[in-house]
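>
Protein chains: 2
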Amino acid sequence: MAMLLELSVPPAVPYLDGPPTPLAFYRDWVCPNRPCIVRRALGHWPALRKWSLPYLRAAAGATEVSVAVTPDGYADAVRGGRFVLPAERRLPLGRVLDVLEGRAAHPGVLYVQKQCSNLRAELPALLPDLPPHVPWASEALGKMPDAVNFWLGEAAAVTSLHRDHYENLYCVLSGEKRFLLHPPSDRPFIPYELFAPATYQLTEDGAFKIVDEETTEKVPWIPLDPLAPDLARYPGYSQARALRCTVRAGELLYLPSLWFHHVQQSHGCIAVNFWYDMEYDLKYSYFQLLDSLTKAAGLN
Amino acid sequence: MAMLLELSVPPAVPYLDGPPTPLAFYRDWVCPNRPCIVRRALGHWPALRKWSLPYLRAAAGATEVSVAVTPDGYADAVRGGRFVLPAERRLPLGRVLDVLEGRAAHPGVLYVQKQCSNLRAELPALLPDLPPHVPWASEALGKMPDAVNFWLGEAAAVTSLHRDHYENLYCVLSGEKRFLLHPPSDRPFIPYELFAPATYQLTEDGAFKIVDEETTEKVPWIPLDPLAPDLARYPGYSQARALRCTVRAGELLYLPSLWFHHVQQSHGCIAVNFWYDMEYDLKYSYFQLLDSLTKAAGLN
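In order, the protein sequence lines correspond to chains A and B.
Oh and the first sequence: position 43 is 68 in this note's numbering, straight run, nothing missing.
Oh and the second sequence: position 62 is 87 in this note's numbering, straight run, nothing missing.
#1: Between the beta-carbon of B/R59 and the beta-carbon of B/D42, is there less than 8 Å?
#2: Would you say A/G261 faces chain B, with C-beta separation under 8 Å as the test?
#3: Hey, is A/C56's beta-carbon within less than 8 Å of any beta-carbon in chain B?
#4: What in chain B is Cβ-close to A/A165, meaning under 8 Å?
#5: Applying a beta-carbon distance threshold of less than 8 Å, which residues of chain A neighbour B/S282?
#6: For A/A72, count neighbouring C-beta atoms within 10 Å of its own C-beta (all shown protein chains included) and say buried if the count is 16 or more, exposed if not.
#7: Would you say B/L206 faces chain A, with C-beta separation under 8 Å as the test?
#8: Return no unless some Cβ of chain A is closer than 8 Å to the Cβ of B/Y80.
#9: What are the start and end residues of the alpha helix (DSSP H) that includes B/G119?
#10: Using a Cβ-Cβ cut-off of less than 8 Å, give me the residues of the segment 300-312 of chain B that come near chain A, in sequence order.
#11: Give the DSSP bridge partners of A/I62, in chain order.
#12: For a contact meaning CB atoms closer than 8 Å, what does A/L73 contact in chain B?
#13: When the cut-off is 8 Å and only beta carbons count, does B/L41 lie next to chain A?
#14: Report yes if the C-beta distance between A/V272 and A/V197 is below 8 Å; otherwise report no.
#15: Let me see if you follow: with CB-CB separation under 8 Å, is B/L227 close to chain A or not?
#16: Identify every residue that forms a DSSP beta bridge with B/H4.
#17: Considering only the alpha carbon of each residue, which of B/K139, B/L219 and B/L318 lies closest to B/A296?
#18: Once you ignore the five residues that flank B/M26 on each side, which residues in its own chain have a CB closer than 7 Å to its CB?
#19: From B/R203 to B/E238, what distance separates their C-alpha atoms?
#20: Can you look up B/L315 in the DSSP assignment and give me helix, strand or coil?
#21: For a minimum of 3 consecutive residues, which ranges assigned as the beta strand (DSSP E) are wholly contained in the segment 68-121 of chain A?
#22: Within this structure, are the beta carbons of A/A165 and A/V55 separated by less than 8 Å?
#23: Examine the Cβ distances between the segment 217-224 of chain A and the segment 100-120 of chain A and report whether three or more of them are shorter than 8 Å.
#24: Identify which residue in B/D250, B/S317, B/L256 and B/Y195 has its Cα closest to the Cα of B/A100.
#25: In this structure, how does DSSP classify A/W176 when only helix, strand and coil are distinguished?
#26: Who are the near neighbours of B/L122 in its chain, counting only those whose CB is closer than 7 Å to its CB and skipping five residues on each side?
#27: Please say whether A/P47 and A/C61 have beta carbons closer to each other than 8 Å?
#28: When burial is assigned at 16 or more other CB atoms within 10 Å of the CB, is A/M28 buried or exposed?
#29: For the segment 135-158 of chain B, which residues have a beta carbon sitting closer than 7 Å to at least one beta carbon of chain A?
#30: Based on the DSSP secondary-structure assignment, which residues constitute the bridge partners of B/W246?
#31: By how many angstroms is the C-alpha of A/G231 removed from the C-alpha of B/L315?
#32: Should the segment 261-271 of chain B be regarded as contacting the segment 118-134 of chain B, the criterion being three or more beta carbon pairs within less than 8 Å?
#33: Contact check, A/V183 vs A/V288 under 8 Å by CB: the rounded distance?
#34: Please classify A/T241 as buried or exposed, where buried requires at least 16 other C-beta atoms within 10 Å of its C-beta.
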């Protein structure tokens, strides 16, 4: 598999000192499918100046939002041999803020993270605080974002390692996010297994139980935790090269389509991301081929 | 190998009605590595109005140029079990024009085609007739061309099937070029074999002999003629899909890096091409992987 290593991956995620031109963004980052962090990308957003937990309470405290609730902070992760989705609760945003500010308790770990364009769908009061898209990215990609998502959660809330078919522009407004990334070319070293899908259910006494979905269709997911990889079980992962970066308030991470990512955050971090559908072009063919080869080689 | 077919290849080379913007050129053609023909791309070049065989004689008839001479029109092709380079002659351009216009005879087939930026190096008198580069392409690619080549030859002069590590902007000024193209994803179906290198030598009596090079290093080359493929010998080629196109005066073919191409022309066709070094990015990794797999599979 030495040939796979020809895709050069930098030792760290590079920084840009400001937004790139649309052409430079496409040529230097999107087309070669490489991540970068753009500083001073959100300088003119009112959200960068205004957003804080008290501001969110004032602006939208009474608004009900979808909240993912898990016993340990891991939504969409492998637990007990199943692929377990979070319990989903509808709570006033103010209730989530109470928990984040230590004024109230709630069982488990809370994460406002519903990826259905929840900023537009659930928190319209916040829309005036930021542009509806990232103009240089929209011009570069020749399209508007498919979704604009709002993220707010506790320090323990984690997004488990996975990848998406989206060009992802991840903007931190307050606090910081910590990303652990793997390029798509690490696919042969990242294990997938099939798991029966299940969902956490929050009982009335505040305990969690795992309830199997009715479907018999199993879900391919990554059982490995990159923060504590079980190398005895997944020795191939030792050949993967994780790229770590911290994205701070005012910065924008360009997270290229099909890159694996695992995400942690500071307590109460507030972020917004823009998802643009990827082009199913050469890079897609390339990574599909890698995927097929990995399976054909019986690596997983 | 069905998975290779995921790279969608159009049934014909698409036309653009005018030069694209640099961003559109990069996003829609360079990044996905797809060819297109641009109409009205050379409208403002004096060369398009002026260049003809009599004009070339008037402007540079006395200038010596490098001319590839072969017995059958095939330069850089497999003949007699060898990879045979053309005889190279230095002739006044007027002498080549005499042959093209039927006023004089010369053994073999002549082709002014030296790809060493021969327009700049050998025919500086023609430089004022065209821009030094293609601005929208240079801006898109973020660099200037590595070479600007001038092409003039007889109807029998053929460029055998091969590929280059260049983004190629091929501009026809007079007459027409006929391209037969294969996408890089056809690599598994296109045979390569190793051949001892040799060169044609033109004897005093006008005959050609093949003279082996002193090196013992063999050259990988494509023994197949796509105009008359020997499918009994190379059955895999029946799975390849040739794209054919004719590029007429005033049109520019964007021939993407790593695409296989075989080229014919009308008698006395005059053309110029710009070679921009390719980016060794994802597409390079992808096609290198295809190359490695093809070899590993023993396909050739």
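Virtual Cβ for every residue (Gly too), placed ideally from N, Cα, C.
So, from the listed chains and residues:
#1: Residue 59 of chain B sits at position 34 when you count from the first residue of the second sequence. Residue 42 of chain B sits at position 17 when you count from the first residue of the second sequence. Result no, Cβ atoms of B/R59 and B/D42 do not sit closer than 8 Å.
#2: Translated into positions along the first sequence, residue 261 of chain A becomes position 236. Taking Cβ atoms only, chain B never reaches closer than 8 Å to A/G261, which makes this a no.
#3: Counting from one through the first sequence, the residue named residue 56 of chain A turns up at place 31. So yes, A/C56 belongs to the interface.
#4: For this step, residue 165 of chain A is matched to residue 140 along the first sequence. Here the neighbours are L48 and R52.
#5: Counting from 1 along the second sequence, the entry for residue 282 of chain B is found at position 257. Per Cβ cutoff of 8 Å: no residues; B/S282 is ~11 Å from chain A at best.
#6: Here residue 72 of chain A corresponds to residue number 47 of the first sequence, with the count starting at 1. Buried, since its Cβ has 16 or more Cβ neighbours within 10 Å.
#7: Stepping through the second sequence from its first residue, residue 206 of chain B is reached at position 181. Judged by the 8 Å Cβ criterion, B/L206 is not in contact with chain A.
#8: Start at 1 with the first residue of the second sequence, and residue 80 of chain B comes out as number 55. Not an interface residue.
#9: Here residue 119 of chain B refers to the residue found at position 94 of the second sequence. Residues L118 to L125.
#10: E304, D306, L307, K308, Y309, S310 and Y311
#11: By 1-based counting over the first sequence, the position of residue 62 of chain A is 37. Beta-bridge pairing links A/I62 to A/Y40 and A/L278.
#12: Walking along the first sequence from the start, residue 73 of chain A turns up at place 48. Those do not exist, as A/L73 stays about 27 Å from chain B at its closest Cβ, beyond 8 Å.
#13: Here residue 41 of chain B corresponds to residue number 16 of the second sequence, with the count starting at 1. Chain A contact via Cβ: absent.
#14: Start at 1 with the first residue of the first sequence, and residue 272 of chain A comes out as number 247. Start at 1 with the first residue of the first sequence, and residue 197 of chain A comes out as number 172. Cβ atoms of A/V272 and A/V197: closer than 8 Å.
#15: Counted from its first residue, the second sequence places residue 227 of chain B at position 202. No, no contact with chain A.
#16: Here chain B covers residues 26 to 325 and nothing more, so residue 4 of chain B does not appear.
#17: By 1-based counting over the second sequence, the position of residue 296 of chain B is 271. Of the listed residues, the one whose Cα sits closest to B/A296 is B/K139.
#18: Translated into positions along the second sequence, residue 26 of chain B becomes position 1. Unreliable positioning characterises B/M26 in this predicted model, as indicated by a pLDDT of 40, which lies under 50. A coordinate reading is not provided.
#19: Locating residue 203 of chain B in the second sequence gives position 178, counting from the first residue. Locating residue 238 of chain B in the second sequence gives position 213, counting from the first residue. So the two alpha carbons sit approximately 31 Å from each other.
#20: One-based indexing of the second sequence puts residue 315 of chain B at position 290. DSSP places B/L315 in helix when its eight states are reduced to three.
#21: 89-95, 102-104, 107-110 and 112-117
#22: Sequence index remark: in the first sequence, residue 165 of chain A carries index 140 (1-based). Sequence index remark: in the first sequence, residue 55 of chain A carries index 30 (1-based). Their beta carbons are under 8 Å apart, which means A/A165 touches A/V55 by this criterion.
#23: yes
#24: Residue numbering aside, residue 100 of chain B sits at position 75 when the second sequence is read from its first letter. Out of B/D250, B/S317, B/L256 and B/Y195, B/D250 has the C-alpha closest to the C-alpha of B/A100.
#25: Here residue 176 of chain A refers to the residue found at position 151 of the first sequence. Three-state DSSP puts A/W176 in a strand.
#26: Locating residue 122 of chain B in the second sequence gives position 97, where the first residue counts as 1. Only L78, L81, R82 and G86 meet the Cβ criterion.
#27: The residue given as residue 61 of chain A occupies position 36 in the first sequence. The residue given as residue 47 of chain A occupies position 22 in the first sequence. Taking 8 Å as the Cβ cut-off, A/C61 and A/P47 do not qualify as a contacting pair.
#28: The residue labelled residue 28 of chain A in the question sits at position 3 within the first sequence. With a pLDDT of 43 at A/M28, under the threshold of 50, the predicted position of this residue should be treated as unreliable, though the coordinate-derived value follows. Exposed is the call here.
#29: none
#30: If you number the second sequence from 1, residue 246 of chain B lands on position 221. DSSP, once it has assigned bridges, lists B/E218 as partnering B/W246.
#31: Start at 1 with the first residue of the second sequence, and residue 315 of chain B comes out as number 290. Start at 1 with the first residue of the first sequence, and residue 231 of chain A comes out as number 206. Cα-Cα distance, rounded: 54 Å.
#32: no
#33: Translated into the one-based positions of the first sequence, residue 183 of chain A becomes position 158. Translated into the one-based positions of the first sequence, residue 288 of chain A becomes position 263. Indeed they touch by this definition, with Cβ atoms about 7 Å apart.
#34: Along the first sequence, read from residue 1 onward, the residue named residue 241 of chain A stands at position 216. The residue in question, A/T241, is exposed, as its Cβ has fewer than 16 Cβ neighbours within 10 Å.
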